[in-house]
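Participant: First the structure, which I've put down as structure tokens, then a few questions once you've had a look.
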Amino acid sequence: MDPRLLAICVDHGVFLRHEANDLGYRDDTIKKLVDTKAWHRVRRGAYVFGQTWRAADTAERYRLFCLATIRQSNVEVIPSHTSAVAFNGGPLWGLNLSVSHLTRPDGKTGRSAAGVRQHRGVLLDGDVVDVDGRRVMAPTRALLETTTVAPVEACICVADDFLRRGLTTSEQLRSRYALMTSWPSTLTTDLVVRLADGLHESVGETRTGYMIWRAGLPRPELQVEVCDENGTVIGRVDFAWPEHRLFLEFDGLQKYVKHLGPGETVADVVLREKHREEQICMLTGWRCVRITWDDLQRPEVIVQRIRNLMAAAA
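Quick note on numbering: the sequence shown equals residues 7 to 320 in our numbering.
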């Protein structure tokens, strides 16, 4: 790695073609470095070192893409909408990561280009925060902005995450939303604000809750603790319908990985989870429905299964 370009990456995330040119890299040399994967072209005229790109996950790659668009803007811009969600560490499931959303604080109309959409926006107190030394739209505004460009389900995932982490509150969302009377494309914003509660602990759980709501199933209790005869909590279930003697658990790999103990494997956690389920069923008389990411691709099957179990309980 060229330490001079590395220093630029440390400060700005990416380095630009003209900066490489100024350090003596000719365009044909740059092409060879990209072809050999020593460098990676984030977008036209913006680069990172190849090993940096290969080590980055989807969220970090999107942030690098957004940083490139910021550096290549001719005016001051602030990451907003889905870009601000990424900088605030929010979930990116279901969001369009091919577009960088930037807002001009000067109030002038922005421009749209390949992979970049500039917005005109009026900034109020609290709308902008500092994230790692960079001005970024605050979580409250970033979420509300995202509801104007993304599907409802993806937005609720962001809302639940921000609420759970304490980056915003329901009151802050409602108050800021009340000031959005002149914003375009806000037909779904109210729905997102009403449905999100921050009680779901993962994107998978949020999507499951949304599936239950869309299907018109009875509203479940969330994160229900189950105790043994001594009052000791033996487990907590994601969704429960006590009146139907039924509970539902969303199984994602992250759920098992985060509960790994010293020296344990995922298989050990799966066995422990199975024992926990058996205990809950024995103590409560409830039945369990377990679903995975794949099940969310065919929600009608799961919904019908839940309806059948509820009908049998009745």
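Just so you know, even glycine gets a beta-carbon here, dropped at the ideal spot from N, CA and C.
Keep in mind the model is a prediction, meaning the values are calculated, not measured.
1) If we call anything under 7 Å between Cβ atoms a contact, is residue 153 one with residue 161?
2) Per DSSP, which residues does residue 249 bridge with? Please list them.
3) I'd like to check one pair, residue 253 with residue 292: are the Cβ atoms closer than 7 Å?
4) Quick check on DSSP: helix, strand or coil for residue 176?
5) Going by DSSP, what residue range makes up the beta strand (DSSP E) through residue 205?
6) Tell me the rounded alpha-carbon separation between residue 14 and residue 68.
7) Spatial neighbours of residue 145 within its chain, please: CB distance less than 6 Å, with the 5 preceding and 5 following residues excluded, ordered by chain position.
8) Within this structure, are the beta carbons of residue 143 and residue 90 separated by less than 7 Å?
9) According to DSSP, which residues form a beta bridge with residue 131?
10) Exposed or buried, residue 238, counting other C-beta atoms within 10 Å across all chains shown (16 or more means buried)?
11) Kindly indicate which residue of 215, 122, 10 and 87 has the alpha-carbon position closest to the one of residue 50.
12) With a threshold of 8 Å, are at least 3 pairs of Cβ atoms found where one atom belongs to the stretch 99 to 115 and the other to the stretch 70 to 81?
13) Does the stretch 51 to 65 come into contact with the stretch 114 to 131, if we say contact requires no fewer than three beta-carbon pairs (one atom in each stretch) closer than 8 Å?
14) Note down, in chain order, each residue of its chain lying with its Cβ closer than 8 Å to the Cβ of residue 45, except the 5 sequence neighbours on either side.
15) Which residue from 191, 241, 149 and 189 puts its Cα closest to that of residue 202?
16) What is the DSSP secondary structure of residue 13, counted as helix, strand or coil?
17) Classify residue 242 as helix, strand or coil using the three-state DSSP reduction.
18) With DSSP run on the structure shown, which of helix, strand or coil describes residue 122?
19) So what does DSSP say about residue 109, is it helix, strand or coil?
20) State buried or exposed for residue 315, treating a residue as buried only when at least 16 other CB atoms are found within 10 Å of its CB.
21) With burial defined as no fewer than 16 other Cβ atoms inside 10 Å of the residue's Cβ, what is the status of residue 178: buried or exposed?
22) Restricting to Cα atoms, I'd like to know which of 135, 189, 16 and 132 is closest to residue 155.
23) Along the alpha helix (DSSP H) that carries residue 81, what are the first and last residues, could you check?
24) Nearest-angstrom Cα distance between residue 397 and residue 256?
25) State buried or exposed for residue 165, treating a residue as buried only when at least 16 other CB atoms are found within 10 Å of its CB.
26) Is the separation between the beta-carbon of residue 205 and that of residue 229 shorter than 7 Å?
27) Hey, how far is the Cα of residue 76 from the Cα of residue 135?
28) Could you name the residues of the same chain whose beta carbon sits closer than 8 Å to that of residue 295, not counting the 5 residues immediately before and after it, in chain order?
29) On the three-state DSSP scale, how would you describe residue 220?
Facilitator: Taking the definition as stated:
1) With respect to the 7 Å criterion, residue 153 and residue 161 are classified as neighbours on the basis of their beta carbons.
2) Its beta-bridge partners do not exist; DSSP assigns none.
3) yes
4) helix
5) Segment: none, residue 205 is in no beta strand (DSSP E) and carries neither H nor E.
6) When rounded, the distance between both Cα atoms is 18 Å.
7) 94, 168, 173 and 174
8) yes
9) DSSP lists no partner for residue 131.
10) With fewer than 16 neighbouring CB atoms inside 10 Å of its own CB, residue 238 falls in the exposed class.
11) 122
12) Three or more beta-carbon pairs separated by less than 8 Å link the stretch 99 to 115 to the stretch 70 to 81, which places the two stretches in contact.
13) no
14) 36, 39, 53, 54, 55 and 56
15) 149
16) helix
17) strand
18) strand
19) strand
20) buried
21) buried
22) 189
23) Here residue 81 belongs to no alpha helix (DSSP H), and DSSP marks it neither H nor E.
24) Lying before the first or after the last residue shown, residue 397 is absent from the chain, which here runs from 7 to 320.
25) That one is buried.
26) Yes.
27) 16 Å
28) Here the set comprises 252, 253, 254, 255, 308, 311, 312 and 315.
29) Here residue 220 sits in helix by DSSP.
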